[in-house]
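For reference, the structure discussed in these notes is given below.
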Amino acid sequence: MLIRFSRKLCIALVPALVSLPVVAAKPPRAGTTATLAVLETTDLHSNLVGYDYYKLAPEPSHGLDRTATLIHQARKEFPNTFLLDNGDTIQGTALADYQAQVKPLRCDETLGIYKIMNALKYDGAGVGNHEFNYGLGFLSQVTGNRFQVASVDQPKRCAGPAFPMVLANVYSARTKKPLFSPYAIVDKQVSALDVKGRPVKATVRVGIIGFAPPTIMEWDKRWLEGRVYTTGVLEAAQKYVPEMRRKGADLVIAISHGGLDAAPYTPTMENANWYLAKVEGVDAMLLGHSHQLFPNADSTAPQFDLPGVDKARGMVHGVPTVMASLWGKHLGVVQLHLKHDGKRWAVEKDKTRVETRAAQLGAKTYVEADPTVMALVKDEHEATIRYVKTPVGSTDFRMSSYFADVGDISALQVINQAQTDYVVNYVAANLPQYKDLPVLSVTAPFKSGVAGPADYTDVKAGDLALNNAADLYLYPNSLYAVKVNGAGLKAWLEKAAQRFHTIDPAKPEPQALVNLAVPSYNFDTVTSPEVSYEIDVTRAPGERIRNLTWRGKPVVTEQEFLVATNNYRASGGGHFPGLDGSRTVIASPDNNRDVMIAYVRDAKKLTRAAHSSHRSWRFTPVKTAGSVVFSSAPGMVELAHEAGLHNVTQVAADDGRGKGTALYAIDLSQ
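Dropping the structure here:
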């Protein structure tokens, strides 16, 4: 399968875009050179504009409207640019949920973020794992594809992006063919210099190929099982890259939604791009998914310290590679220096430069937002604001995740209570065989400062609206329940406790408590008056859960529980031991957020005593010679104290990581 796109075709698809006619270029002579600046956005997560729908306030630290300014600047600087998106584009904000679930688009309507990308004249895009969150029917519609898969066939082709979307490793179970075109070859006219340094026009045939993490089959099992299947990233690349070369691609750019991992390769590997870089014929890699910045000489991410990875120059096994963080905060730029040998273009790697460009210029200064972006999606933006203001209840306490890593459950307990209540009622009505099993619930702090001090859940005391519910539960997951025994429950909590580094009590130097390589959404927490346990961070991972009890008695191996969670975790997301889909006893059609909203509506008013006082876990007390530190938003220590965490202090307003977060200490002896 091959899609060949030219700018003429894109204009034909979107008449509103104005561009000069493309003039056929003569084949360049040997020695002709050109620079093609490949621009990357990734993990936009539907942040169309710099606005926080959870706080109902402008948020200049992110948004495609500011990335658009970076794109315009790059196009002024470089005569030849090629703009690509890496994926995780259509999900992640209340606006995305509104367009997908509240007021679904008509077939002839274009998704808000694609309207912007069309106007910015993207040359192509890949597909991330979160593209599948709303189901194959929605994805088929908004991308303008007619998927040949069970029960989601589109009767006609709907409106979609005006650029090719490529995905090489996800196949229809019905047709055994790729869900999207696996690759596209785009004829790109460029300004070049001949061997005498005279300006000439030439054409570069740019091949783009896309890859998604094969683990989508676990994460969105309810949408994908039986309808699609995946192959490994490496296998797909080895199949299609030579084919792209045979069909005339001068360059092959891999748009791979994943990071780097040097563990032994498997076809289900989530972050397989350390291996992808070794595939002959790949000229550049655009990465994502990990929400990291690459190149970045100062990065402490373990994946960027692997053999063959140059985190200062942006090279992986000699292949120019970029990852532009998330939410439009950065633009990736790979300046490919090309030279023609009389037959085809080749990359001069020694002259190639890789960089990322930040939308943030200083401590609180940013590039100006492109006003045309907001103008394109003004109706969608305003409709979303009206939607999220819908009242659902009230709270007499502030619910936040600033200190969730050290025990604040103010943003977690109401989720667990809602999930527990749902499962108890479901069992009573539908599953009498489980009526005697205790029902527990786990949830995790989804927002933990990865994107800076604004990236925390923070719901003020007072009226609760739908935007607050979206802040408390970020993802459009479905509520699932699994059956586990006592050993399985302990193993689950042990896996969650990997969120922490191992602390040496005798070490006099400060020690970081939180292991940032373990995402906060994998720190599953129980909040129940019937459960109690300790996390001993002086012990090695896998040996930390102590004194696990239920109703005051030790939990024993053969004891059975129903545990409410989400489809991601129950189906294997996060690779928690024993959770692979086989233990699921409830696969609810209701999503976790809606379950929580219904619970709050019934409760009407949340109180700290009833909805934020059932903390199940504590750190095992230990006196340390040096301080134990962690990061959070500055000036929030009083919230820790309100949550009963009087052993937390702020020690520095700036933790030195360049994210605007502060440094806190926790006294583990208290």
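Add 169 to a position in the sequence shown, counting from 1, and you land on the number used in this note's numbering. Here a beta-carbon is modelled for each residue, glycine too, at the ideal position from N, C-alpha and C. Given the structure is predicted, the values throughout are model-derived calculations rather than measurements.
In the same chain as Y737, and ignoring 5 residues on each side of it, the C-beta atoms closer than 7 Å to its own belong to W388, N646, in chain order. Look at N735 here: in three-state DSSP terms it is strand. Cβ contact annotation for L280 (same chain, cutoff 7 Å, sequence separation greater than five): I259, Q268, L274, V311, in chain order.
In this structure the segment 744-761 does not touch the segment 542-554; the number of beta carbon pairs closer than 8 Å is below three.
Here the alpha carbon of K722 sits roughly 32 Å from the alpha carbon of Y571.
Shown here, W661 sits in a helix according to DSSP, grouped into three states.
For I766, the enclosing alpha helix (DSSP H) stretches over residues 761-772. In this chain, the alpha helix (DSSP H) harbouring K547 covers 547-557. Look at F301 here: in three-state DSSP terms it is helix. For P411, no beta strand (DSSP E) segment is defined; the enclosing uninterrupted segment is the alpha helix (DSSP H) at 402-415. With contacts defined as CB atoms closer than 8 Å, V724 and L717 qualify as a contacting pair.
Excluding its 5 nearest sequence neighbours in each direction, F745 has C-beta neighbours in its own chain below 7 Å: W661, K664, R738, listed in chain order.
Taking the Cα of P324 as reference, the smallest distance to any Cα among L643, G306, G655, S341 is reached at G306. For N716, the enclosing beta strand (DSSP E) covers residues 714-719. Collapsing the DSSP output to three states places T238 in a helix.
Residues Y223, K224, K616, T626, D627, V628 of the same chain have their beta carbon placed closer than 8 Å to that of D640, with the five preceding and five following residues left out of the count.
Per DSSP, V596 is one residue of the alpha helix (DSSP H) stretching across 582-599. C-alpha of D419 to C-alpha of T372: approximately 10 Å in a straight line. The beta carbon of L348 lies closer than 7 Å to those of F316, L336, V339, Y340, S341, V397 in the same chain, with the five residues before and after it left out. For the options G295, T344, D257, A288, the alpha carbon positioned closest to that of Y303 is the one of D257. Within the segment 417-475, the complete beta strand (DSSP E) runs of at least 3 residues fall at 420-425, 453-456. In the DSSP secondary-structure assignment, G293 is bridged to L253.
Judged by their CB atoms, P330 and M286 are nearer to each other than the 8 Å cut-off.
Under the 10 Å beta carbon count, R715 is surrounded by fewer than 16 other beta carbons and is classified as exposed. Per the DSSP secondary-structure output, K346 pairs with nothing in a beta bridge.
For a cut-off of 8 Å, the C-beta gap from E209 to N255 is around 6 Å, short enough to register as a contact. Taking the Cβ atoms as the reference, G483 lies roughly 3 Å from P464, within the contact range of under 8 Å. In this structure, the CA atom of V561 is about 41 Å from the CA atom of I424. According to the DSSP assignment, K508 belongs to the beta strand (DSSP E) that extends over 499-509.
The beta-carbon separation of L217 and V542, rounded to 7 Å, stays under the 8 Å limit for a contact. At the C-beta level, H426 and G297 come within 8 Å of one another. Residue environment for T612: buried (at least 16 other C-beta atoms within 10 angstroms of its C-beta). Judged by pairs of C-beta atoms under 8 Å, the segment 594-605 does not touch the segment 813-821, as fewer than three such pairs exist. Look at D266 here: in three-state DSSP terms it is helix. A direct Cα-Cα distance of roughly 12 Å separates A634 from K773. Bridge pairing for Y702: W786 [DSSP].
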